[in-house]
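*Asks:*
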Amino acid sequence: MSMNQARFGLMGIFLGSLALQLGAFFLISEKMWPDDLLTLVLKLLGIYSVQLSVVLGGIFAQPKAPLAAPPAGLTWTALILATLWNLLLVWQSISFTLRPQASLGDLLKYLDEIASASSFLVVGVLAFFFGKGTEVITSTR
Amino acid sequence: MAHHHLFSIICTGALAVALSVFQNHLGSGIQSNSELRAKQVHVKSVVKVFLAKDTPGYSIAYEYDFPHRRSVYIKGFGTVSAKGSFRYLTADKQLEFRDSPDGEVLAIIPLQETVIVAARPALLSTPNVEDFPREFHSFIWASPKTLQEQAQLVVNKYFLFAPNSDCDKDVAHLKTTFMPLQLKGVSASVTAQVALLFSFPCAPKTAQYSFEVHALVMEGRTHSDTFRPTRDPDILRSADNFVQNLLAQMNAGQATKQ
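Written as structure tokens, this is what we have:
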């Protein structure tokens, strides 16, 4: 798998999870007070802003020259770790929306604590794939 | 000198005997008083709760019987029949029975927890009197039973209530915790709850007197934690029906609507 494929794969996981949760919250917007919905959306955007700013920053700052492909095992590990981190959040968010009655306070507390406590799962991955770990292939003619 | 010494010994001995007899008599008096109290008041349960975020209190249930009396005054609750049983929330640390509000003390029972709650005690808050709307239902009370007794019989089926017989401008209050309302014709995502405030004269001068029932209706959402005052006509109608039904139960031969 090339570096670009790995990068877009990771971006897809983060953006897809964010979109899935936002969509679920908007679908049940009538079950919440408007300001509670706003609090929830802001919380989620706040959590994802760190990861997505690194991902998007890495992609937009990508050099024109092709990047060195990462080891295959490393790419799959990165994708699994990113999926795992997102599943921790998506699972609870979707479960919240499906319950007939649920506590918003509990969900906010969960998102806050789990997102920060489990960030070790993705910090290294993002640093490697979107930061200094990327190498440009120098052409030798 | 020897006679004087002997006289002192006899006097001291007599005094000691007299004191001992008096002490025994006093002791048996205290014992019989506490036995009497035990027979008169039976505290069935005392459970620690929170009446507000940082205000501890108790949910108590007790029965009492003071023979040869028509009524007794229970501090914080008001004047009631001489025999009965009650269940309510209180911030007091003891039950105090008197023959009238300023009269002789009949019994004082310290409240000791009968159930120790391992976790943090439940929050059973009641709204402040000022939070209730000014609009009210007015009823006439005309019954040998006191309003508090009848109200607790009916109200306890739905709520816990916190009496407050401390008179404010000659009016006593009895307020309840919130209870979920059954709603009709309203979206399933909408919830509602209601709390009631009974206001009645502290010392009614006649057998018949009017009392007021204020209903505080709050609207919520299934996925939000907060409830807010509502103006939704469907919710207010449901609350009104609930109050009418409750008062009809109290009414059963006890009160008539104005």
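In the order they appear, the protein sequences are chains H and L. The numbering of the first sequence is my numbering, which starts it at 50 and goes up by one. The numbering of the second sequence is my numbering, which starts it at 906 and goes up by one. Glycine included, each C-beta is placed from N, C-alpha and C at the ideal position.
Would you mind sorting residue 1080(L) into buried or exposed? The rule is 16 or more other CB atoms within 10 Å of its CB.
*Replies:* By one-based count along the second sequence, residue 1080(L) stands at place 175. By the neighbour-count rule (16 or more Cβ atoms within 10 Å), residue 1080(L) is buried.
*Asks:* Over what stretch of residues does the beta strand (DSSP E) that includes residue 1001(L) continue unbroken?
*Replies:* Indexing the second sequence from 1 puts residue 1001(L) at position 96. That run of the beta strand (DSSP E) goes 999–1003.
*Asks:* Tell me the rounded alpha-carbon separation between residue 939(L) and residue 947(L).
*Replies:* In the second sequence, counting from the first residue as 1, residue 939(L) sits at position 34. In the second sequence, counting from the first residue as 1, residue 947(L) sits at position 42. Below a pLDDT of 50, predicted positions are generally treated as unreliable, and residue 939(L), at 45, falls in that range; the measurement from the model is reported next regardless. Computed Cα separation, rounded: 12 Å.
*Asks:* Counting along the chain, where does the beta strand (DSSP E) carrying residue 1081(L) start and finish?
*Replies:* Within the second sequence, the letter at position 176 stands for residue 1081(L). Taken as a continuous stretch (DSSP letters only), the beta strand (DSSP E) holding residue 1081(L) covers 1076–1081.
*Asks:* Which value, in whole angstroms, describes the spacing of the CA atoms of residue 936(L) and residue 969(L)?
*Replies:* What you label residue 936(L) is simply residue 31 of the second sequence in a count that begins at 1. What you label residue 969(L) is simply residue 64 of the second sequence in a count that begins at 1. Residue placement at residue 936(L) is poorly supported in this model, since its pLDDT is 40, which falls under 50; the coordinates are not used for a value here.
*Asks:* Can at least three beta-carbon pairs, one atom from the region 118–138 of chain H and one from the region 167–174 of chain H, be found at a separation below 8 Å?
*Replies:* Verdict: yes, contact present.
*Asks:* For chain L, is any of its Cβ atoms less than 8 Å away from the one on residue 70(H)?
*Replies:* Translated into the one-based positions of the first sequence, residue 70(H) becomes position 21. Not closer than 8 Å to any Cβ of chain L, the Cβ of residue 70(H) fails to qualify, so no.
*Asks:* Checking contacts by CB at 8 Å: is residue 1136(L) closer than that to chain H?
*Replies:* Locating residue 1136(L) in the second sequence gives position 231, counting from the first residue. Judged by the 8 Å Cβ criterion, residue 1136(L) is not in contact with chain H.
*Asks:* Opposite residue 947(L) in the DSSP bridges: which residues?
*Replies:* Walking along the second sequence from the start, residue 947(L) turns up at place 42. Bridge partners of residue 947(L): 968(L).
*Asks:* Using 8 Å as the limit for Cβ to Cβ distance, is residue 1126(L) near chain H?
*Replies:* Working through the second sequence from its first residue, we reach residue 1126(L) at position 221. Yes, residue 1126(L) lies at the interface with chain H (some Cβ there is under 8 Å from its Cβ).
*Asks:* Check the Cβ-Cβ distances between residue 1040(L) and every residue of chain H, and say whether any is below 8 Å.
*Replies:* The residue given as residue 1040(L) occupies position 135 in the second sequence. Not closer than 8 Å to any Cβ of chain H, the Cβ of residue 1040(L) fails to qualify, so no.
*Asks:* Compute the Euclidean distance between the alpha carbons of residue 961(L) and residue 951(L), then round it to the nearest angstrom.
*Replies:* For the purposes of this step, residue 961(L) is identified with residue 56 of the second sequence, where counting begins at 1. For the purposes of this step, residue 951(L) is identified with residue 46 of the second sequence, where counting begins at 1. About 13 Å.
*Asks:* With a CB to CB cut of under 6 Å and the five nearest residues on each side skipped, what residues in its chain are close to residue 929(L)?
*Replies:* Counting from one through the second sequence, the residue named residue 929(L) turns up at place 24. Reliability of the predicted coordinates at residue 929(L) is poor, the pLDDT of 45 falling under 50, and the value obtained from them is presented with this limitation in mind. Once the five neighbours on either side are set aside, residue 929(L) has no close Cβ partner at all.
*Asks:* Using a Cβ-Cβ distance cut-off of 8 Å, determine whether residue 1030(L) contacts chain H.
*Replies:* Indexing the second sequence from 1 puts residue 1030(L) at position 125. Answer no: the Cβ-Cβ gap between residue 1030(L) and chain H never drops below 8 Å.
*Asks:* Check the C-beta distance from residue 1101(L) over to residue 1030(L) and give it rounded, since I have them as a contact under 8 Å.
*Replies:* Along the second sequence, read from residue 1 onward, the residue named residue 1101(L) stands at position 196. Along the second sequence, read from residue 1 onward, the residue named residue 1030(L) stands at position 125. Incorrect: roughly 14 Å between the Cβ atoms, too far for contact.
*Asks:* Can you say whether residue 1019(L) is buried or exposed, counting buried as having 16 or more other CB atoms within 10 angstroms of its CB?
*Replies:* On the second sequence, residue 1019(L) is found 114 positions in, with the first residue counted as 1. Exposed is the call here.
*Asks:* Select from 50(H), 59(H) and 70(H) the residue whose C-alpha is nearest the C-alpha of residue 176(H).
*Replies:* Taking the first sequence and counting its residues from 1, the one referred to as residue 176(H) is at position 127. The residue with the shortest Cα to Cα distance from residue 176(H) is 59(H).
*Asks:* Which whole-angstrom value describes the C-beta separation of residue 1041(L) and residue 1124(L), a residue pair presumed to lie in contact below a C-beta threshold of 8 Å?
*Replies:* Residue 1041(L) sits at position 136 when you count from the first residue of the second sequence. Residue 1124(L) sits at position 219 when you count from the first residue of the second sequence. Rounded, the Cβ-Cβ distance is 20 Å, inconsistent with contact.
*Asks:* Using a cut-off of 7 Å between C-beta atoms, extract the partners of residue 154(H) located in chain L.
*Replies:* Numbered from 1 along the first sequence, position 105 holds the residue referred to as residue 154(H). Correct list: 1130.
*Asks:* If we define contact as Cβ-Cβ less than 8 Å, is residue 964(L) a contact residue for chain H?
*Replies:* Taking the second sequence and counting its residues from 1, one reaches residue 964(L) at position 59. No, no contact with chain H.
*Asks:* Locate the beta strand (DSSP E) running through residue 1015(L), then write down its first and last residues.
*Replies:* Locating residue 1015(L) in the second sequence gives position 110, counting from the first residue. Where residue 1015(L) is concerned, the enclosing beta strand (DSSP E) stretches over 1010–1015.
*Asks:* Taking the alpha carbon of residue 159(H) as the point to measure from, which residue in 78(H), 52(H), 65(H) and 140(H) has its own alpha carbon closest?
*Replies:* Taking the first residue of the first sequence as 1, we reach residue 159(H) at position 110. Among 78(H), 52(H), 65(H) and 140(H), the Cα nearest to that of residue 159(H) belongs to 140(H).
*Asks:* Can you check whether the C-beta of residue 976(L) is within less than 8 Å of a C-beta belonging to chain H?
*Replies:* As a first step, residue 976(L) is located in the second sequence; it is residue number 71 there, counting from the start. Closer than 8 Å: no.
*Asks:* In chain L, which residues lie with their C-beta within 9 Å of the C-beta of residue 85(H)?
*Replies:* Here residue 85(H) corresponds to residue number 36 of the first sequence, with the count starting at 1. Ordered by position in chain L, the residues that pass the 9 Å Cβ test against residue 85(H) are 1126, 1128, 1129, 1130 and 1131.
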